[in-house]
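Numbering (the numbering used here), first residue to last: 12 to 267. Below is one structure, written out as structure tokens, with a few remarks after it.
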């Protein structure tokens, strides 16, 4: 059964960059194959990992949900929706050497997707026996986990920038985890982009107020910014990069 690691935080805090590095780190440690799941509506984990995505699960959900109303039904005669869904979900998996990537994508239509989401849930449940780890890049609301589309998580990593508002945002995500009765075995905070890798007293105070467990601090680094500007996958930063080193030290402390 896969160990599900969910990474969440508000937009713009560098969550996806750290998520991509986490996936690469687990691969380097021989913990693959990893199933990376981009469950953020603003999908860009593939760019951090340096892989190309042509089909998202949102595309497949849309296709199946609207199949009967389409002028030409894409589902072959004699094939059930469930069998066609399984075939198309497999098409949506991007395979790399040590990890596979699934992009959830958005659902654009106004119709009911409950049936298709049920098929997706069943398919992802099958994948749990094929991978030792799922690493899920979530939006702040953790919609796909809270609704049960993705498997329940064992580890929740909350990412914030070095601001009170960011800490307060992940504090709300931590409360959501409790309210939805998700019950991960471990929940922790990573503070990203901290000047000189240090927290001031105000941020430390807010972390305490929110009742968050601090896993570690990742320093601000210009190389990450340069990679992003040049379109390079940030997960391929040099091993001596301070961001990569800090994240490795943090992940090594987790019970994975």
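Glycine included, C-beta positions come from ideal geometry on N, C-alpha and C. The structure displayed is predicted, hence computed values, not measured ones.
Beta-carbon gap between residue i and residue j smaller than 7 angstroms
i	j	result
residue 205	residue 228	yes
residue 138	residue 44	no
residue 21	residue 151	yes
residue 187	residue 111	no
residue 49	residue 114	yes
residue 144	residue 37	yes
residue 195	residue 153	no
residue 102	residue 67	no
residue 246	residue 35	yes
residue 221	residue 182	yes
residue 261	residue 19	no
residue 93	residue 135	no
residue 202	residue 173	yes
residue 108	residue 62	no
residue 244	residue 59	yes
residue 225	residue 200	yes
residue 75	residue 88	no
residue 217	residue 178	yes
residue 253	residue 232	yes
DSSP-derived helix/strand/coil call for residue i
i	result
residue 54	coil
residue 192	coil
residue 40	coil
residue 181	helix
residue 154	helix
residue 86	coil
residue 276	No information on residue 276 is available, as it lies outside the stretch 12 to 267 that the chain covers here.
residue 186	helix
residue 9	Coverage of the chain is limited to positions 12 through 267, which leaves residue 9 absent and any answer about it impossible.
residue 160	coil
residue 81	coil
residue 29	helix
residue 117	coil
residue 235	helix
residue 24	coil
residue 266	coil
Residue range of the alpha helix (DSSP H) that includes residue i
i	result
residue 64	No alpha helix (DSSP H) holds residue 64; DSSP gives it neither H nor E.
residue 224	Looking at the DSSP string, residue 224 is not in any alpha helix (DSSP H), and its letter there is neither H nor E.
residue 142	Segment: none, residue 142 is in no alpha helix (DSSP H) and carries neither H nor E.
residue 99	92-102
residue 260	253-263
Element boundaries [beta strand (DSSP E), containing residue i]
i	result
residue 114	110-114
residue 168	166-171
residue 210	No beta strand (DSSP E) contains residue 210, which DSSP labels as neither H nor E.
residue 18	14-19
Status (buried if at least 16 other CB within 10 Å, exposed otherwise) for residue i
i	result
residue 84	exposed
residue 148	buried
residue 155	buried
residue 6	Nothing in the structure corresponds to residue 6, since the chain is present only between 12 and 267.
residue 251	exposed
residue 70	buried
residue 32	buried
residue 72	buried
residue 176	exposed
residue 57	buried
residue 91	exposed
Bridge partners - residue i, DSSP secondary structure assignment
i	result
residue 134	According to DSSP, residue 134 bridges with nothing at all.
residue 230	205
residue 199	168
residue 148	18 and 49
residue 105	112
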